[in-house]
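When you read off a place in the sequence shown, starting at 1, and then add 409, the result is the number in the working numbering.
Remarks on the structure that follows.
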Amino acid sequence: MKGIVDTLNAQFKGKTPEYVLDWFIKKHKGKIALASSMGAEDQVLTDMIVKIDPSVRIFTLDTGRLFYETYELIERTSLRYKKNIEIYFPSPEDVEKMVTEKGINLFYQSIENRKECCRVRKIEPLKRAFKELDVWICGLRRSQSATRTDNQLVEWDDANGLIKLNPLIDWSVEDVWKYIKENGVPYNPLHDKGFPSIGCQPCTRAIEPGEDIRAGRWWWENPETKECGLHNRKK
């Protein structure tokens, strides 16, 4: 797949996110979906996708530990775009087993525990959402964190056997907010309270001026380990 991925990256070099989305949506009709975290980037992509083809699937993961503001945003987004956002939940049995064995806030105890929680609450539900897909659209940007500087527009997700498409990979945070303001895109009000990156409530805090934009995610860890396992795939 490396050759195909390299060809696609060369083909779409310098193209706008809308152009890239339009091509992939038409090419993979019915086999492409946006995996939305309800963050600012994914809200931009939702707006672009609905304008291109409202029938494209958009789904999100409810880990059971999200902020109230995130749930409220799911509702506002669904109403704004007249779009049913699919919601995937973790297996209750898996959550019960994990919490019983390791505690309700196991993620603070070790990186291994935190990654296990992410696996149960995010990665396994995501695998179910990926069934029947050829392409998943993602809101990654290179400038988001130290773990994402090598990501490309088009990547091969070897673990899930499908293409990962990052249309905003070259955008700056200023590009994201310019689009949101100009297009009236709904967004999480926590972004206005010092939360540039929003995940589960126990694992997310506001950042201080000058901190990296993902410093509030799993803040007790080193920057090099701050991924849940969704995005550190082979290309």
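Think of the CB as a built atom: it goes at the ideal place given N, C-alpha and C, for glycine as much as any other residue.
Since this is a predicted model, take the numbers as computed values, not measurements.
Specify, as a first and last residue, the run of the alpha helix (DSSP H) that residue i falls within.
i	result
residue 503	501-511
residue 586	582-592
residue 414	411-420
Just to confirm, are residue i and residue j a CB contact at a threshold of 8 angstroms?
i	j	result
residue 599	residue 589	no
residue 563	residue 574	yes
residue 565	residue 410	yes
residue 530	residue 472	yes
residue 463	residue 499	no
residue 458	residue 553	no
residue 551	residue 579	yes
residue 539	residue 526	no
Do you know whose CA, among the options, lies nearest residue i's CA?
i	options	result
residue 541	587, 571, 414	571
residue 486	497, 474, 498, 449	449
residue 626	577, 477, 613	613
residue 420	536, 439, 500, 561	561
residue 545	576, 524, 559, 528	576
residue 616	605, 609, 538	605
For residue i, which residues from the same chain have a beta carbon less than 8 angstroms from its beta carbon, with the 5 sequence-adjacent residues on both sides left out?
i	result
residue 488	none
residue 537	497
What three-state label does DSSP hand residue i in the structure shown?
i	result
residue 566	strand
residue 613	strand
residue 573	strand
residue 432	helix
residue 475	strand
residue 626	strand
residue 644	Residue placement at residue 644 cannot be trusted, given a pLDDT of 38 that sits under 50; the coordinates are not used to answer.
Excluding the 5 residues preceding and the 5 following residue i in the sequence, name in chain order all residues of the same chain whose CB lies nearer than 6 angstroms to its CB.
i	result
residue 422	none
residue 482	447, 597
If you follow the beta strand (DSSP E) that residue i is in, where does it begin and where does it stop?
i	result
residue 497	495-497
residue 444	441-445
residue 466	466-470
residue 546	544-546
Which residues in the same chain as residue i place their Cβ atom closer than 7 angstroms to its Cβ, once the five residues preceding and following it in sequence are excluded?
i	result
residue 455	443, 445, 467, 486, 490
Spell out whether any CB of chain C is found under 8 angstroms from the CB atom of residue i.
i	result
residue 547	Here chain C cannot be found, since the structure has a single protein chain.
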